[in-house]
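Take the sequence shown: its position 136, counted from the start at 1, is 326 in the numbering used here, and no numbers get skipped. All C-beta atoms, glycine included, are put in the ideal place defined by N, C-alpha and C.
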Amino acid sequence: MLKALAVLAAILVVAVAVVVVLAATKPDTFRVERSAMIKAPPDKIFPLIADFHQWGQWSPYETRDPGMKRTYGGAERGQGATYAWEGDSNVGTGHIEILDAPAPQKVVIKLDFLKPFEAHNTAEFTLQPQGGGTRVTWAMQGPTPFIGKIMHVFINMDRMVGTDFEAGLANLRKATES
191 MLKALAVLAA ILVVAVAVVV VLAATKPDTF RVERSAMIKA PPDKIFPLIA
241 DFHQWGQWSP YETRDPGMKR TYGGAERGQG ATYAWEGDSN VGTGHIEILD
291 APAPQKVVIK LDFLKPFEAH NTAEFTLQPQ GGGTRVTWAM QGPTPFIGKI
341 MHVFINMDRM VGTDFEAGLA NLRKATES
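This is the structure in structure tokens:
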């Protein structure tokens with residue numbers, strides 16, 4: 191019995207060591223980015239991004255918790271507009287603020303996630319006219335503290351968040367191409 195516990199403890203120590211070593215090899219920052227062509231001019235897409243009141247039309251995060259509490263503040267839209275949310279475990283709690291919004295080409299947002307874990311990132315929407323439409327790029331980047339690196343050993347952040355970005359861009363397409 192004692193020998194079995196010693197073997198089990200050794201296996202556990204090796205497993206933890208492997209996770210720590212793998213985590214140490216992860217980058218100190220992350221970036222997730224997705225793009226989509228939308229058959230609409232930037233002037234039609236930009237207002238849906240630069241006004242947090244419009245995010246319900248396209249953001250995949252707006253439908254995850256029907257009981258989510260939302261608080262809008264600062265400017266009505268564009269630079270200085272703020273949005274805070276408090277929801278269940280699907281959306282957590284956080285605050286975002288538009289830092290820059292030169293119409294109709296870019297919206298830069300500061301994201302502060304508080305729950306279920308703390309994170310401070312930057313999101314950027316870039317709108318580039320191309321042919322008869324607009325290439326919309328949604329990117330998020332930020333630091334990866336060591337606990338985040340451990341999570342990245344088990345979770346593919348690019349796939350997890352990238353899937354949400356793809357859904358949001360598809361929703362933007364539906365909202366603006368009709």
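DSSP three-state label for residue i, please.
{"i": "D218", "result": "coil"}
{"i": "I228", "result": "strand"}
{"i": "P335", "result": "coil"}
{"i": "M341", "result": "helix"}
{"i": "M330", "result": "strand"}
Compute the Euclidean distance between the alpha carbons of residue i and residue j, then round it to the nearest angstrom.
{"i": "P294", "j": "M347", "result": "29 Å"}
{"i": "P232", "j": "L317", "result": "6 Å"}
{"i": "G321", "j": "G270", "result": "32 Å"}
{"i": "E223", "j": "I340", "result": "21 Å"}
{"i": "A329", "j": "H342", "result": "18 Å"}
{"i": "P333", "j": "F220", "result": "6 Å"}
{"i": "Q247", "j": "A360", "result": "11 Å"}
{"i": "P319", "j": "A207", "result": "49 Å"}
{"i": "P335", "j": "A226", "result": "30 Å"}
{"i": "E266", "j": "D218", "result": "35 Å"}
{"i": "P250", "j": "I201", "result": "41 Å"}
{"i": "F236", "j": "S368", "result": "15 Å"}
What span of residues does the alpha helix (DSSP H) with residue i cover, start to end?
{"i": "N346", "result": "That residue, N346, is in no alpha helix (DSSP H); it is neither H nor E in DSSP."}
Report task. Just list the beta strand (DSSP E) runs in the region 241-328, keeping only unbroken ones of 3 residues or longer that don't cross its boundaries, in chain order. Result -> 259-264, 271-276, 283-290, 296-305, 309-320
Query raised in the report: Between the region 353-360 and the region 260-279, are three or more C-beta pairs nearer than 8 Å?
Result: no
Query raised in the report: Is it a yes or a no for the region 296-304 touching the region 198-217, going by three-plus beta-carbon pairs under 8 Å?
Result: Too few Cβ pairs lie closer than 8 Å, so no.
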